[in-house]
Structure formats: structure tokens, C-alpha cells
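With the numbering used here as the guide, the letters of the sequence shown map in order to residues 2 to 163.
Glycine is no exception: its CB is placed at the ideal position from the N, C-alpha and C atoms.
Small disclaimer: the values here were computed from a predicted structure and weren't measured.
Worksheet: the structure to be examined is printed underneath.
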Amino acid sequence: MPILRYLSVALASALVAAYAAAWIVSPAPLERTATTIPPLRIDQSNGLALSGGWRTVAGYDHGTTNASEIICNRERQTCFEAYASLLHHDSGEDLEAQAFDYEVTTWDDQRLVAINTDGMGECLQRFLYVDLVGESATLEWHPGEDGCEGDIGKAVLVGDPL
């Protein structure tokens, strides 16, 4: 059975050579750990709870992996968002966490609309739109009414499958 030994050594050598060539050409993708975001979840059983990650569809995209959990209280007409983002760069990764408080302006059987006026600096406002029937959520941000300048953007809540 020397032929099987030669074939297994040749196969192992080819795999090692392929990995080494791929690493030399582009080492970062092989060293980067795969990150996932929470599955998309919109639960209306006790108030409103949403989880997933924001994917930017308009405006500047920071290229980060993020996760968000939002809890809304109908009695207080407030929502609280816990947001974390993981930024990948040449020298490693940075984890950033933020929290946003929203005041609910509309909450009926069809939708929820909430606003955060001071979570993104003095100038930018965050608008949370939740379609309760279609079970989707959108986040928009833009400068407030006082004439200051800032980024304008939009993101949708998405999730990785279980």
C-alpha cells in the first residue's frame, strides 16, 4: 500500500500549499473570525421587543458588524435600545456599545414610531419605525430642526438565521 501513503502525503502537501498561498496573497480574511448577529425577532407578547442588527441602506456605512436589542413599554410610551458594534481593522477589533432612549409618538395596531433627539450628538435625531403587521423595523437619522448639519441615513433591521 505504498501508493496510498504517497497519495495521502501529496494531498496533505497540496492542502498546506494552498493555505499558505491564500495566506500570502490575503492574510486578513483567513485570520478574521466570523461574526454573526442575533436572529431577527419582533415579539409583541409583552410590550414590544426587537432584536437583530442594523444594515445601512442609505447614507454612510461604517462597515461594522452590529447587534441591537430594543425594548418598548406601552405604558410609559418609551423605547430603550442597546446597541453594540464590532469594528474590524488592521490591528485587531474594537467593540463599541451605546444606549438610546426613544419617546414613542405613535403606537397603534399597525405601527410604532419613536424618536431619540440626543443620542447621536447634539444635532442628529434617530427615528425608529416599526411595522407591527409586516414585522419589520427601520431606523432613520438626520439633523434636527435647528439648522445644524450632519449625516443623513437609513438602516433596516436584519438578522442571521438560527
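Could you name the residues of the same chain whose beta carbon sits closer than 6 angstroms to that of residue i, not counting the 5 residues immediately before and after it, in chain order?
{"i": "Y84", "result": "S69, Q99"}
{"i": "R77", "result": "none"}
{"i": "I71", "result": "L51, C80, E82"}
{"i": "D95", "result": "L88"}
{"i": "S141", "result": "Note that residue 141 is Glu in the sequence shown, not Ser. Excluding residues within five positions, the ones whose Cβ falls inside 6 angstroms are F128, K155."}
{"i": "E97", "result": "S86"}
In this structure, how does DSSP classify residue i when only helix, strand and coil are distinguished?
{"i": "G48", "result": "coil"}
{"i": "R77", "result": "coil"}
{"i": "S92", "result": "coil"}
{"i": "D102", "result": "strand"}
{"i": "L31", "result": "At L31, the pLDDT of 47 sits below 50, so the modelled position is not reliable; the number obtained from the coordinates is stated separately. L31: helix per DSSP, three-state reduction."}
{"i": "Y61", "result": "coil"}
{"i": "I38", "result": "coil"}
{"i": "P162", "result": "coil"}
Can you check DSSP and say which residues form a bridge with residue i?
{"i": "L133", "result": "L133 pairs with nothing; no bridge assigned."}
{"i": "Q126", "result": "H143"}
{"i": "G53", "result": "S69"}
{"i": "L87", "result": "T66, L96"}
{"i": "G1", "result": "Residue 1 cannot be examined here, being either before or after the span of the chain that is shown, 2 to 163."}
{"i": "I116", "result": "E104, F128"}
Measure the Cβ-Cβ separation of residue i and residue j and say whether it is below 8 angstroms.
{"i": "C1", "j": "Y103", "result": "Residue 1 falls outside the range modelled here, since the chain spans only 2 to 163, and no answer is possible."}
{"i": "A59", "j": "G151", "result": "no"}
{"i": "C73", "j": "L113", "result": "yes"}
Quick one: residues in its chain with C-beta nearer than 8 angstroms to the C-beta of residue i, no 5 flanking neighbours on either side, listed in chain order?
{"i": "S137", "result": "I43, V131, V157, L158"}
{"i": "I38", "result": "G53, G54, T66, N67, A68, V159, G160, D161"}
{"i": "Q111", "result": "D132, L133, V134"}
{"i": "Y61", "result": "D152, G154"}
{"i": "H63", "result": "T57, S86, L88"}
Which residues in the same chain as residue i place their Cβ atom closer than 7 angstroms to its Cβ, once the five residues preceding and following it in sequence are excluded?
{"i": "Q45", "result": "L133"}
{"i": "R75", "result": "G48, W108"}
{"i": "P144", "result": "C124, L125, E150, G151"}
{"i": "N117", "result": "F101, D102, Y103, Q126, R127"}
{"i": "T106", "result": "V114, A115, I116"}
{"i": "T57", "result": "G154, A156"}
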